[in-house]
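Scroll down for the structure; my scribbles are underneath it.
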Ligand code: ATP
Ligand code: MG
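In the working numbering, the protein residues as written are -13 to 396.
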């Protein structure tokens, strides 16, 4: 029997939490548009392969978090768990290769079958950016600076830390992988069952494990920095110099790897200590191999995504709403006149709360409840001479105003 409630890990968003989430998205959009990023919207579901093949077969998302289903035509489809794969799919299937570089942003729901807790939902919203076709460190610098500017605009720059690392190019990763496998094999018995499997399929994933026994082993694993070849190290140096130039404080975290397989060179996370285990609010990196892997040629990419609800949890102040003006008929007789006045004022650009019912006292109480700044009171006597009463609800001051002067007056 279906129950009359939300599915576990999904939520109805309304009131203050919705206003905060909306502010996060609007702030992000206004910041990234200043960098020339344009919105793209891709479908919420894709063929399962788009994710299963490209996120990495040993990633948490693919092994245990995807919402896959068969549609009525027998196709295997998946609710998107993240945004990048769908955008690269669009880049290829829409034939956008001629227009590089491309700068996209997106926002919308993502779906992952996870254990719900504060800041961890089964349906959540991401806002993200993707910059395609720029292989130089300038892209890394600008994309990180953009993330920082966004959090600064939200007033969170003091609450987050920028963690950054380099995974290097494929040669560096291969060299690192070799060292890592040798090390992990020495500690094989201490690893979780899952990590034993990862060791065979994709040892880098062991670094990202959340199991305590794995973490203990990872603690002393070889460092990525020692395996970077010369060009990868130079690339990373340039990225850091750029961040220095822009005054962005960061912390080089040699243990930082990302959960998905497609990352290379720069990876970064913006973290907070205010959300317990859900400390990462924004994460991203360079994914130079992904477009080629999906069949779209040698096109580099870099991007990030943030968890909108997680960021909203960090906003302690409720976003301000414009204070409305209440339009209040003193009784039923004046309701039509009020309807007309409300309509005219809205057309003139004011935010109006029309009072629907009750006696004058009740209507005034409601006007205060919606935090109205003024009340336009429509009484029968004044109306006869084409006037209404305008009351300032903060000072209590009131005066009679002719309808013809009303917009001017308020
Ligand atoms: P985590 O380590 O918390 O599971 P992740 O590495 O899986 O995060 P990404 O795939 O990088 O996360 O997604 C980018 C951002 O989306 C995260 O930093 C986080 O803010 C948000 N996010 C990821 N999963 C969830 C979720 N289940 N509920 C809410 N927000 C999420
Ligand atoms: Mg996760």
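Where a beta carbon is used, it is the ideal one built from N, C-alpha and C, also for glycine.
As the structure is a computational prediction, the values presented were derived from the model and not from experiment.
Could you check which residue in the options has the C-alpha nearest to that of residue i?
i, options, result
"residue 305", "9, -9, -7 and -10", "9"
"residue 114", "123, 342, 62 and 130", "130"
"residue 236", "255, 251, 220 and 250", "255"
"residue 339", "193, 270, 359 and 345", "359"
"residue 117", "-9, 106 and 272", "272"
"residue 190", "199, 198, 67 and 161", "161"
"residue 320", "297, 296 and 368", "368"
"residue 308", "288, 395 and 337", "337"
"residue 371", "386, 333 and 357", "386"
"residue 122", "133, 78, 27 and 223", "223"
"residue 297", "48, 141 and 322", "141"
"residue 163", "183, 192 and 138", "192"
"residue 32", "66, 48, 2 and 334", "66"
"residue 266", "139, 377, 244 and 248", "244"
"residue 199", "183, 87 and 175", "175"
"residue 287", "384, 238, 208 and 119", "119"
When the cut-off is 8 Å and only beta carbons count, does residue i lie next to chain D?
i, result
"residue 111", "The structure shown has no chain D; it contains just one protein chain."
I need the straight-line Cα distance from residue i to residue j, nearest angstrom please.
i, j, result
"residue 109", "residue 11", "16 Å"
"residue 19", "residue 135", "12 Å"
"residue 22", "residue 127", "15 Å"
"residue 230", "residue 390", "59 Å"
"residue 205", "residue 173", "12 Å"
"residue 212", "residue 177", "23 Å"
"residue 150", "residue 143", "16 Å"
"residue 46", "residue 354", "50 Å"
"residue -1", "residue 221", "43 Å"
"residue 228", "residue 124", "8 Å"
"residue 352", "residue 362", "13 Å"
"residue -10", "residue 5", "25 Å"
"residue 342", "residue 348", "10 Å"
"residue 54", "residue 106", "19 Å"
"residue 318", "residue 379", "22 Å"
"residue -8", "residue 264", "22 Å"
"residue 145", "residue 259", "8 Å"
"residue 82", "residue 133", "25 Å"
"residue 261", "residue 17", "24 Å"
"residue 7", "residue 112", "10 Å"
"residue 44", "residue 303", "40 Å"
"residue -6", "residue 29", "23 Å"
"residue 324", "residue 374", "10 Å"
"residue 282", "residue 103", "38 Å"
"residue 38", "residue 49", "9 Å"
"residue 356", "residue 346", "16 Å"
Report yes if the CB atom of residue i is closer than 8 Å to the CB atom of residue j, and no otherwise.
i, j, result
"residue 158", "residue 218", "yes"
"residue 316", "residue 382", "no"
"residue 350", "residue 74", "no"
"residue 294", "residue 313", "no"
"residue 155", "residue 85", "no"
"residue 274", "residue 251", "yes"
"residue 64", "residue 147", "no"
"residue 56", "residue 62", "yes"
"residue 289", "residue 70", "yes"
"residue 36", "residue 72", "yes"
"residue 24", "residue 92", "no"
"residue 242", "residue 253", "yes"
"residue 77", "residue 203", "no"
"residue 210", "residue 170", "no"
"residue 300", "residue 393", "no"
"residue 51", "residue -3", "no"
"residue 13", "residue 184", "no"
Quick check on residue i: does DSSP put it in helix, strand or coil?
i, result
"residue 60", "coil"
"residue 340", "strand"
"residue 127", "helix"
"residue -1", "coil"
"residue 122", "coil"
"residue 356", "coil"
"residue 236", "coil"
"residue 392", "helix"
"residue 145", "coil"
"residue 210", "helix"
"residue -11", "coil"
"residue 377", "strand"
"residue 116", "strand"
"residue 201", "helix"
"residue 316", "coil"
"residue 322", "helix"
"residue 345", "coil"
- prompt: Unbroken alpha helix (DSSP H) runs of length 4 or more, entirely within the segment 153 to 198: which are they?
  reply: 156 to 172 and 179 to 187
- request: Kindly provide the ranges of any alpha helix (DSSP H) runs that are 4 or more residues long and lie completely inside the segment 241 to 288, ordered along the chain.
  value: 276 to 279
- prompt: What are the start and end residues of each continuous beta strand (DSSP E) run of 3 or more residues lying completely inside the segment 4 to 90, in chain order?
  reply: 31 to 33, 53 to 56 and 62 to 65
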